[in-house]
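Visitor: So for the sequence shown, the numbering used here puts the first residue at 669; every next one is plus one.
Cβ coordinates follow ideal geometry from the N, Cα and C atoms, glycine included.
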Amino acid sequence: MEAKEPFIDIEKVIKDKNPKLQRWLPGFVLAYIKRIAHEKDINQVMRNNGHLQGIDFVNALIKEFGVEVELKGAENIPMDRPVIFASNHPLGGLDGIAFMYALGKYRTDIRFLVNDILTNIKNFEPMFVPVNKHGANSREVTQLIEQTYSGEHAVLVFPAGLVSRKQAHGIMDLEWKKSFISKSKKYKKDIVPVYIEGRNSNFFYNFAQIREKLGIKANLEMFYLADEMFSQKGKKVTVHIGKPISYQYFDRTKNEKQWAEEVKQMVYQLV
């Protein structure tokens with residue numbers, strides 16, 4: 669039987685993107701990259717579950733990781749209309765999977781705005797909607813985002829766009845982008861605040877702080893997110909759903925950036 673091509677091949681990716689780097693890269697560095705990216709683990713997960721699609725794939729991942737997902741506030745989930753679920757982003761992988769898993773038991777029309785890199789995982793189709801976190805979205809992607817917000821979906825968003833960081837008042841999201849407020853008003857969609865419990869390792873947060881102190885703008889800590897995700901195996905993720913906020917609440921007494929900050933504070937007050 670012909671061996672199935674691996675889902676991820678770090679060496680091939682580097683070779684395709686930068687052949688000179690691949691030839692220069694010491695073997696021990698390549699081995700380290702493969703280890704923190706969990707190349708073997710990810711390929712095994714995909715061998716086990718790569719035949720599944722959509723919410724079935726999500727459910728299988730939760731089982732694969734042995735994660736317990738607890739949902740609190742299920743009574744606050746609107747069942748009869750399209751809404752926007754806005755959540756904090758504590759983990760950078762498993763939080764999104766737990767988010768879909770919890771809501772998927774109540775809504776079958778989930779659409780999740782995610783980093784466009786993640787749309788390479790075709791098993792999440794049609795739930796994932798790509799967003800370019802590091803540049804402008806193409807016209808096609810912009811149209812898809814508008815269609816998603818204007819449609820009859822349960823739209824899931826992480827308004828921070830980045831994983832939570834260690835700050836003066838603890839582990840919290842960075843600034844929430846205002847676009848979810850804009851879309852709420854434009855398409856008359858209520859917003860449901862969501863708080864997901866969880867945290868990454870101290871190494872992750874300390875690495876991010878050192879990187880910032882050194883003046884390095886590149887989000888280098890993102891390369892450790894796969895490692896952080898696999899460290900969550902066997903743990904519990906609790907998802908808190910708050911009461912829906914009417915789109916009419918976001919009036920002219922504040923600008924959209926201020927409203928985004930207020931919803932963020934509401935999220936952190938759910939626990």
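#1: When the Cα of residue 912 is compared with those of 789, 752, 766, 756, which residue comes out closest?
#2: Looking at the unbroken alpha helix (DSSP H) that takes in residue 768, where does it start and where does it end?
#3: What does a CB cutoff of less than 7 Å around residue 877 pick up in its chain, not counting 5 residues either side in sequence?
#4: Express the C-alpha separation of residue 704 and residue 691 in angstroms, rounding to a whole number.
#5: Is it true that the CB of residue 863 sits closer than 7 Å to the CB of residue 756?
#6: Give me the residue from 792, 882, 786 with the minimum Cα distance to residue 720.
#7: Are the beta-carbon atoms of residue 754 and residue 696 separated by less than 7 Å?
#8: Report the rounded CA-to-CA distance for residue 855 versus residue 817, giving the unit in angstroms.
#9: Return the residue from the list 784, 928, 698, 765 that minimises the CA-CA distance to residue 905.
#10: In chain order, what residues of the same chain have a beta carbon less than 6 Å from the beta carbon of residue 671, not counting five sequence neighbours either side?
#11: Quick check on residue 830: does DSSP put it in helix, strand or coil?
#12: Just checking my contact of residue 729 with residue 717 at CB under 8 Å: how many whole Å lie between their CB atoms?
#13: By a C-beta neighbour count over all protein chains shown, 10 Å radius and 16 as the cutoff for buried, is residue 821 buried or exposed?
#14: State the Cα-Cα distance for the pair residue 926 and residue 725, rounded to the nearest angstrom.
#15: Rounded to the nearest angstrom, what separates residue 789 and residue 836 at their Cα positions?
#16: Pull the bridge partners of residue 738 from the DSSP assignment, please.
#17: If you measure between the beta carbons of residue 678 and residue 701, is that distance less than 7 Å?
#18: Just to confirm, is the Cβ distance from residue 796 to residue 782 under 7 Å?
#19: Could you say which of 815, 858, 845 lies nearest to residue 748 if we only look at CA atoms?
#20: What residues are listed by DSSP as bridge partners for residue 753?
#21: Where residue 669 and residue 772 are concerned, what is the direct C-alpha to C-alpha distance, given to the nearest angstrom?
#22: Using the Cβ count rule (16 or more neighbours within 10 Å means buried), how would you classify residue 889?
#23: Can you find the residues in the same chain that come closer than 8 Å, C-beta to C-beta, to residue 922, ignoring five residues on each side of it along the sequence?
#24: Out of 851, 712, 684, which has the shortest C-alpha to C-alpha gap to residue 914?
#25: So what does residue 797 bridge to, in DSSP terms?
Guide: So, to answer that:
#1: 752
#2: 762-772
#3: 834
#4: 20 Å
#5: yes
#6: 792
#7: no
#8: 7 Å
#9: 765
#10: The predicted position of residue 671 is uncertain, since its pLDDT is 47 and thus under 50; no value can be drawn from it.
#11: coil
#12: 7 Å
#13: buried
#14: 37 Å
#15: 35 Å
#16: 906
#17: yes
#18: yes
#19: 858
#20: 824, 860
#21: The predicted model places residue 669 with a pLDDT of 34, which falls under 50 and marks its position as unreliable; any figure quoted below should be read in that light. Straight-line Cα distance between these residues: approximately 37 Å.
#22: buried
#23: 930
#24: 851
#25: 781
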